[in-house]
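Enquirer: Keeping their order, the protein sequence lines are chains A and B. Taking our numbering, the leading residue of the first sequence gets 84, the next gets one more, and so forth. Taking our numbering, the leading residue of the second sequence gets 125, the next gets one more, and so forth. Cβ coordinates follow ideal geometry from the N, Cα and C atoms, glycine included. Bear in mind that the values here come from a model prediction, so they are computed numbers and not experimental data.
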Amino acid sequence: MSYVVQRLLTFPLILLGVSILVFVAIRLVPGDAITAMLGTEAGLLTPVQREALAAYFGIDQPIWAQYLRWLTGLFQGDLGISSIYGKPVLTVILERFPLTLQLSLMSMVIALSVGVPLGVLAASRNERPSDLVVRVLAMLGQSTPNFVVGILIIYVLSVFFGFVPAMGTFTPLFADPLASIAQLIFPAITLGFAFAASVTRISRSAMLDVLSDDYVRTARSKGATPMSVIWHHALPNALIPVVTLSGVEFGYLLGGAVIVEQIFALPGLGRLVLDAITQRDYALVQGTVLFIAFNFLVVNLLVDLAYVALDPRIRIGRR
Amino acid sequence: MTGLLSVKDLRVGFGQDPRANEVVKGVSFDLAAGEILAIVGESGSGKSVSALSINRLVDFGGGRITHGAIHLTRSDGTELDVARADEKTLLGIRGRDVGMIFQEPMTSLNPVHTVGAQIEEAFRLSKGLTGAQAHKATLDVLGRVRIPDAQSRLGYYPHQLSGGMRQRIMIAMALAASPRLLIADEPTTALDVTVQAQIMALLAELREETGMAMIFITHDIGLVAGIADRIMVMQNGVAVEQGEADAVLDSPQHDYTKHLLRAVPHFTSGKAVRNDGRRAEPHEPIVKVDDLVVRFPVGKAWFKPKGAIHAVDGVSFDLVPGETLAIVGESGCGKSTTARALLGLNSKTRGEIVTGSGHSVRPVQMVFQDPFASLNPRLTVEALLAEPAIANGQRRDDTLRARMAFLLDRVGLPQDALTRYPHQFSGGQRQRLCIARALMLNPDVVVLDEAVSALDVSVQAKVLELLVDLQQEFGLAYLFISHDMAVVERIAHRIAVMFAGQIVEMGEARAVLSDPQHSYTKRLIAAVPAIERRKQRFAVDMTQVPSLVRPPGFEPPPAQWREAGQDHRVRIEDTP
Numbered sequence: 084m085s086y087v088v089q090r091l092l093t094f095p096l097i098l099l100g101v102s103i104l105v106f107v108a109i110r111l112v113p114g115d116a117i118t119a120m121l122g123t124e125a126g127l128l129t130p131v132q133r134e135a136l137a138a139y140f141g142i143d144q145p146i147w148a149q150y151l152r153w154l155t156g157l158f159q160g161d162l163g164i165s166s167i168y169g170k171p172v173l174t175v176i177l178e179r180f181p182l183t184l185q186l187s188l189m190s191m192v193i194a195l196s197v198g199v200p201l202g203v204l205a206a207s208r209n210e211r212p213s214d215l216v217v218r219v220l221a222m223l224g225q226s227t228p229n230f231v232v233g234i235l236i237i238y239v240l241s242v243f244f245g246f247v248p249a250m251g252t253f254t255p256l257f258a259d260p261l262a263s264i265a266q267l268i269f270p271a272i273t274l275g276f277a278f279a280a281s282v283t284r285i286s287r288s289a290m291l292d293v294l295s296d297d298y299v300r301t302a303r304s305k306g307a308t309p310m311s312v313i314w315h316h317a318l319p320n321a322l323i324p325v326v327t328l329s330g331v332e333f334g335y336l337l338g339g340a341v342i343v344e345q346i347f348a349l350p351g352l353g354r355l356v357l358d359a360i361t362q363r364d365y366a367l368v369q370g371t372v373l374f375i376a377f378n379f380l381v382v383n384l385l386v387d388l389a390y391v392a393l394d395p396r397i398r399i400g401r402r
Numbered sequence: 125m126t127g128l129l130s131v132k133d134l135r136v137g138f139g140q141d142p143r144a145n146e147v148v149k150g151v152s153f154d155l156a157a158g159e160i161l162a163i164v165g166e167s168g169s170g171k172s173v174s175a176l177s178i179n180r181l182v183d184f185g186g187g188r189i190t191h192g193a194i195h196l197t198r199s200d201g202t203e204l205d206v207a208r209a210d211e212k213t214l215l216g217i218r219g220r221d222v223g224m225i226f227q228e229p230m231t232s233l234n235p236v237h238t239v240g241a242q243i244e245e246a247f248r249l250s251k252g253l254t255g256a257q258a259h260k261a262t263l264d265v266l267g268r269v270r271i272p273d274a275q276s277r278l279g280y281y282p283h284q285l286s287g288g289m290r291q292r293i294m295i296a297m298a299l300a301a302s303p304r305l306l307i308a309d310e311p312t313t314a315l316d317v318t319v320q321a322q323i324m325a326l327l328a329e330l331r332e333e334t335g336m337a338m339i340f341i342t343h344d345i346g347l348v349a350g351i352a353d354r355i356m357v358m359q360n361g362v363a364v365e366q367g368e369a370d371a372v373l374d375s376p377q378h379d380y381t382k383h384l385l386r387a388v389p390h391f392t393s394g395k396a397v398r399n400d401g402r403r404a405e406p407h408e409p410i411v412k413v414d415d416l417v418v419r420f421p422v423g424k425a426w427f428k429p430k431g432a433i434h435a436v437d438g439v440s441f442d443l444v445p446g447e448t449l450a451i452v453g454e455s456g457c458g459k460s461t462t463a464r465a466l467l468g469l470n471s472k473t474r475g476e477i478v479t480g481s482g483h484s485v486r487p488v489q490m491v492f493q494d495p496f497a498s499l500n501p502r503l504t505v506e507a508l509l510a511e512p513a514i515a516n517g518q519r520r521d522d523t524l525r526a527r528m529a530f531l532l533d534r535v536g537l538p539q540d541a542l543t544r545y546p547h548q549f550s551g552g553q554r555q556r557l558c559i560a561r562a563l564m565l566n567p568d569v570v571v572l573d574e575a576v577s578a579l580d581v582s583v584q585a586k587v588l589e590l591l592v593d594l595q596q597e598f599g600l601a602y603l604f605i606s607h608d609m610a611v612v613e614r615i616a617h618r619i620a621v622m623f624a625g626q627i628v629e630m631g632e633a634r635a636v637l638s639d640p641q642h643s644y645t646k647r648l649i650a651a652v653p654a655i656e657r658r659k660q661r662f663a664v665d666m667t668q669v670p671s672l673v674r675p676p677g678f679e680p681p682p683a684q685w686r687e688a689g690q691d692h693r694v695r696i697e698d699t700p
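1. Starting from the C-beta of Thr-283 (chain A), find all residues in its chain whose C-beta is less than 6 Å away, skip the five residues before and the five after it, and write them out in chain order.
2. What residues of chain B sit near Pro-319 (chain A), judged by a beta carbon separation below 7 Å?
3. Indicate whether at least one CB of chain A lies closer than 8 Å to the CB of Gln-284 (chain B).
4. Touching or not, the region 593-606 of chain B and the region 440-450 of chain B, by the rule of three or more beta carbon pairs under 8 Å?
5. At 3 residues or longer, what runs of the beta strand (DSSP E) sit wholly inside the region 231-313 of chain B?
6. Assuming Arg-474 (chain B) is part of the beta strand (DSSP E), what are its boundary residues?
7. Straight-line CA distance for Gln-275 (chain B) to Asp-264 (chain B)?
8. For Ser-471 (chain B), which of B:His-607, B:Ile-619, B:Val-436 and B:Asp-593 has the nearest alpha-carbon?
9. I need the DSSP call for Leu-129 (chain B), collapsed to helix, strand or coil.
10. Whose CA, out of A:Met-189, A:Ala-138 and A:Leu-204, lies closest to the CA of Ser-329 (chain A)?
11. For chain A, is any of its Cβ atoms less than 8 Å away from the one on Asn-179 (chain B)?
12. If the criterion is Cβ atoms closer than 8 Å, does the pair Gln-548 (chain B) and Val-587 (chain B) meet it?
13. On a Cα-Cα basis, can you pick out the residue from B:Thr-254, B:Arg-686 and B:Arg-544 that is closest to Thr-504 (chain B)?
14. Below 8 Å on the Cβ atoms is my contact criterion, and I expect Ser-250 (chain B) with Ala-301 (chain B) to pass it. Report the Cβ-Cβ distance as a whole number of Å.
15. By DSSP, does His-378 (chain B) sit in helix, in strand, or in coil?
16. Specify, as a first and last residue, the run of the beta strand (DSSP E) that Trp-685 (chain B) falls within.
17. Could you give the DSSP three-state label for Ile-272 (chain A): helix, strand or coil?
18. Comparing the C-beta of Met-336 (chain B) with each C-beta of chain A, is any distance below 8 Å?
19. If we define contact as Cβ-Cβ less than 8 Å, is Ala-302 (chain A) a contact residue for chain B?
20. For Leu-384 (chain A), name the three-state secondary structure that DSSP assigns.
21. If you measure from the beta carbon of Ile-342 (chain A) to each beta carbon in chain B, is any gap under 8 Å?
22. Counting C-beta neighbours from all protein chains within 10 Å, is the total for Met-244 (chain A) 16 or more, i.e. buried, or is it exposed?
23. For the candidate residues B:Ala-349, B:Leu-128 and B:Pro-682, whose alpha-carbon lies nearest to that of Val-628 (chain B)?
24. What do you get for Arg-277 (chain B), buried or exposed, if any count of 16 or more other CB atoms within 10 angstroms of its CB means buried?
25. Nearest CA to the CA of Ser-199 (chain B): which residue from B:Asp-210, B:Ala-207, B:Arg-218 and B:Phe-184?
26. By the 8 Å beta-carbon criterion, what residues does the region 381-398 of chain A contribute toward chain B?
27. Against chain A, with Cβ distances strictly below 8 Å, would Phe-549 (chain B) count as a contact?
28. Does the separation of the CB atoms of Gly-351 (chain A) and Arg-179 (chain A) fall below 8 Å?
29. Taking three-plus beta-carbon pairs below 8 Å as touching, is the region 335-353 of chain B in contact with the region 294-312 of chain B?
30. Against chain B, with Cβ distances strictly below 8 Å, would Ala-205 (chain A) count as a contact?
31. Among the candidates B:Val-388, B:Ala-465 and B:Thr-381, whose CA atom is the shortest distance from the CA of Thr-473 (chain B)?
32. For Tyr-298 (chain A), decide whether its Cβ has a neighbour in chain B, counting only Cβ atoms nearer than 8 Å.
33. Just to confirm my understanding: we take Val-105 (chain A), look at its own chain, exclude 5 residues before and 5 after, and list those with CB closer than 8 Å. What are they?
34. Show which residues of chain A have a CB atom less than 8 Å away from the CB atom of Leu-249 (chain B).
35. Check the Cβ-Cβ distances between Leu-215 (chain B) and every residue of chain A, and say whether any is below 8 Å.
36. Assign Ser-166 (chain A) to buried or exposed, taking buried as 16 or more other Cβ atoms, counted over all protein chains shown, within 10 Å of its Cβ.
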């Protein structure tokens, strides 16, 4: 337990570092915020109006003063106002996040429920035809870009089934669970495709390692059935690399999936960040990046806790 | 006695074409119920593969029985040819008729399940016991393998138990099914010598109790003398000799059996100690270690350590030029930590290490146990040998090359070795390279940490000879760390016995080996296997090494010593 507390105590330090990096980096991008905001109309502004606008958004101050002001706001739960949406940054993020979270979770469930059994199957039939088929599929899955998969899915659905997935506004899970899942199932398959391929490959190689371990031989010498050897004795020992991979992938997914959101016209976190950057919405970039970094830290912590749950050698020291 | 197992002309091959790649080439033997057969041979002789064929586990390692028959009489009296049985029948054989224990107790238990669950599984598979019945049976079998406090051990995971305990768990698991045949594949090779004696005693007692037959596989022909009824010697996949244990040991017929019996280092209780290089009085020590203490903090909870492992506690000794001091003891007793502290490889908590005025700037050098892991595979021999000199500020000039050539010659390696890489040498040659490397800076003291333990017996003898020669030529002092009493007897002038971080007995080699005083030294020497010790019954001794973890601030009481003779002192034990 004290381990979790120790980890949580490091969070603010890491987030502080991330926020400074982003704060500086976004301001190093050429072009100024007011031109980006107003587009061609920016040329109509008089220098006085320009300065007044800069003062309104607080970007006339030196960078450290801007940062301090932003930090002070952060401690008061205020991430600033988005210049694109004219709403508090936190509100904008929280509007978009449920979709991204649900999409990421669905992709992961798909990837694990397809990848782990396939990997285990391939490992237990090492070098036999079914193993080769799985390996080729996994290679294919990993090397196909997800926009290809997404477009193929839409094409097949609309041309052969005359079905077009709901686009545009997102139906939240609790408003209408079925419609919500139905809306996200195809994007989730698209994202889960390569993810499942990675899970397959890593669980196959982990299982192959474990199946040649001594304790598997012990289990066989006891007369354990092949099923019991694989699922009861071998698999729990092979899950650690699968959890590591899933954690990293899930962390990335929580940062938003720009391409898939674009293809399926979904209002997720990925497109939000993209818009914020192209339109120099400093407060929004700053806020979303901090939010994504925070998610990453939480996912990493969960991964470590999963290790503890899976492996008694980490859970309990020697007595 | 009735026939239990009959193996006829067994051939086992591996790979794509098993017939062309045979590891076992026509082995036949019979085993009666309740009999113990020992299969002896070096690595690669096919002894394990033969044994794994009996329950067909060999299939999972890629092996294929290409010829022959394995007739097993099952508990219901029917006879079965295991070589031709299908996988479903084999599931009923494994565990139930044929139990098995393996060499590596550290890796043979599943790390994610408790030992209780693993034993209960064996009961469920063989006898269909579940729930409370399985639990009770498990407690019962743990008692039979003499595991104290069985109730609480059930919830332990394998990593929480010592090697000896884990091997007992393995045995308990095999016993769960009450098999009529137990295959033990090098069950004690990975264990300390006193633990080995405990396990051997346990196996002998279990045989008496249950009447099960055993196939005992080992490379150590000395070990089987105490337990086997019959011995089969294997070489290159062929059984070169088999017969009654006494006949094979006393009048071996085949040359290879004779060679094995000769090569095994015989422990003779101090009769074979060296007579050269006795320490003269008065002597000038080259290294003097005084009250060395090494502790490692454990369990850090918010800045304050919960305690410390007292790895080395108050160790004192000295070494004079030309002398070998052997530190003997079992894994975890602190002997390697002492050696590493001497080189400054781990920091000492307290104590003095004074190096005398020798002839070298770097007076202490070290040779490690594993010759395969302690040479960087990407460097040529020349670079490996030059390394210590370069680290010490010397230049790679003709003088240095001359020194390399000289040392290569002295350790018995050809000159063209300089341009080669470590993988091009055998284990014994690599250890010679390590010795040459240690001598590059012309040290006064060489620390040999289990330096011959990883070598085959015949190679071991040659490296020991080399070490003695070098010692006489250069006047080196050796600190020889080992767990092997037979090896120590051949090289040591003086011996220090370590137990639980402390020296418990120290003195002249002959005195310590022939007349051990401390109870631990006695146990250690009694546990050394020997061909002469036939059918000897060890008492099942459950003494455990005490925990070395102490609360913060703990200081052991000062050691009390008594003199047991000239240059032979013994730590006075607490009266039990």
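Expert: Judging by the given coordinates:
1. Looking up residue 283 (chain A) in the first sequence gives position 200. The residues Gly-198, Leu-201, Gly-202 and Ala-221, in chain order, have a CB closer than 6 Å to that of Thr-283 (chain A) in the same chain once the five nearest residues on each side in sequence are set aside.
2. Counted from its first residue, the first sequence places residue 319 (chain A) at position 236. By Cβ distance, chain B contributes Val-236.
3. Taking the first residue of the second sequence as 1, we reach residue 284 (chain B) at position 160. True, the Cβ-Cβ gap to chain A drops below 8 Å.
4. Yes, since at least three Cβ pairs between the region 593-606 of chain B and the region 440-450 of chain B fall closer than 8 Å, the two stretches touch.
5. Correct list: 305-309.
6. The residue you call residue 474 (chain B) lines up with position 350 of the second sequence. Per DSSP, Arg-474 (chain B) is one residue of the beta strand (DSSP E) stretching across 474-479.
7. As a working mapping, residue 275 (chain B) is identified with position 151 in the second sequence. As a working mapping, residue 264 (chain B) is identified with position 140 in the second sequence. Between the alpha carbons of Gln-275 (chain B) and Asp-264 (chain B) lies a gap of roughly 10 Å.
8. Residue numbering aside, residue 471 (chain B) sits at position 347 when the second sequence is read from its first letter. The shortest C-alpha separation from Ser-471 (chain B) is found at B:Val-436.
9. Here residue 129 (chain B) is taken as the residue at index 5 of the second sequence, counted from 1. Three-state DSSP puts Leu-129 (chain B) in a strand.
10. Here residue 329 (chain A) corresponds to residue number 246 of the first sequence, with the count starting at 1. The shortest CA-to-CA distance from Ser-329 (chain A) to any of A:Met-189, A:Ala-138 and A:Leu-204 is the one to A:Met-189.
11. Position 55 of the second sequence, counting from 1, holds the residue named residue 179 (chain B). Flagged as an interface residue toward chain A: Asn-179 (chain B), by a C-beta distance shorter than 8 Å.
12. Here the question's residue 548 (chain B) lines up with position 424 in the second sequence. Here the question's residue 587 (chain B) lines up with position 463 in the second sequence. Cβ distance not < 8 Å, so Gln-548 (chain B) and Val-587 (chain B) don't count as in contact.
13. Mapped onto the second sequence, residue 504 (chain B) falls at position 380. It is B:Arg-544.
14. Position 126 of the second sequence, counted from the first residue, corresponds to residue 250 (chain B). Position 177 of the second sequence, counted from the first residue, corresponds to residue 301 (chain B). About 3 Å; that satisfies the 8 Å criterion.
15. Within the second sequence, the letter at position 254 stands for residue 378 (chain B). Coil, per DSSP.
16. One-based indexing of the second sequence puts residue 685 (chain B) at position 561. 685-689 is the extent of the beta strand (DSSP E) around Trp-685 (chain B).
17. Stepping through the first sequence from its first residue, residue 272 (chain A) is reached at position 189. Three-state DSSP puts Ile-272 (chain A) in a helix.
18. Here residue 336 (chain B) refers to the residue found at position 212 when the second sequence is read from its first residue. Closer than 8 Å: no.
19. For the purposes of this step, residue 302 (chain A) is taken as the residue at position 219 of the first sequence. Yes, Ala-302 (chain A) counts as interfacial toward chain B.
20. In the first sequence, counting from the first residue as 1, residue 384 (chain A) sits at position 301. The answer is helix: DSSP assigns Leu-384 (chain A) an H, G or I state.
21. Stepping through the first sequence from its first residue, residue 342 (chain A) is reached at position 259. Chain B contact via Cβ: absent.
22. Counted from its first residue, the first sequence places residue 244 (chain A) at position 161. Inspection of the sequence shows that residue 244 (chain A) is occupied by Phe rather than by Met. Answer is exposed; the Cβ neighbour count stays below 16.
23. Taking the first residue of the second sequence as 1, we reach residue 628 (chain B) at position 504. Across the set B:Ala-349, B:Leu-128 and B:Pro-682, the C-alpha of B:Pro-682 shows the shortest separation from the C-alpha of Val-628 (chain B).
24. Here residue 277 (chain B) is taken as the residue at index 153 of the second sequence, counted from 1. With 16 or more other Cβ atoms within 10 Å, it is buried.
25. Walking along the second sequence from the start, residue 199 (chain B) turns up at place 75. Cα-wise, what sits closest to Ser-199 (chain B) is B:Arg-218.
26. If the cut-off is 8 Å between Cβ atoms, the region 381-398 of chain A has Leu-393, Asp-394, Pro-395 and Arg-396 near chain B.
27. Against the second sequence, residue 549 (chain B) aligns to sequence position 425. So no, Phe-549 (chain B) is outside the interface.
28. The count along the first sequence starts at 1 and reaches residue 351 (chain A) at position 268. The count along the first sequence starts at 1 and reaches residue 179 (chain A) at position 96. Gly-351 (chain A) is a Cβ neighbour of Arg-179 (chain A), given a cutoff of 8 Å.
29. Verdict: yes, contact present.
30. Mapped onto the first sequence, residue 205 (chain A) falls at position 122. Residue contact with chain B for Ala-205 (chain A): absent (no Cβ-Cβ distance below 8 Å to any residue of chain B).
31. Here residue 473 (chain B) refers to the residue found at position 349 of the second sequence. Just measuring C-alpha positions, the residue of B:Val-388, B:Ala-465 and B:Thr-381 sitting nearest Thr-473 (chain B) is B:Ala-465.
32. Position 215 of the first sequence holds residue 298 (chain A). Cβ-Cβ to chain B under 8 Å: yes for Tyr-298 (chain A).
33. Within the first sequence, the letter at position 22 stands for residue 105 (chain A). Sequence-distant partners of Val-105 (chain A) (beyond 5 residues in either direction) whose C-beta falls short of 8 Å from its own C-beta, in its chain, are Val-368, Gln-369, Val-372 and Leu-373.
34. For the purposes of this step, residue 249 (chain B) is taken as the residue at position 125 of the second sequence. The contact set of Leu-249 (chain B) on chain A, defined by CB atoms closer than 8 Å, consists of Lys-305, Gly-306 and Ala-307 in chain order.
35. If you number the second sequence from 1, residue 215 (chain B) lands on position 91. Chain A contact via Cβ: present.
36. Taking the first residue of the first sequence as 1, we reach residue 166 (chain A) at position 83. The residue is buried, with at least 16 neighbouring Cβ atoms inside 10 Å.
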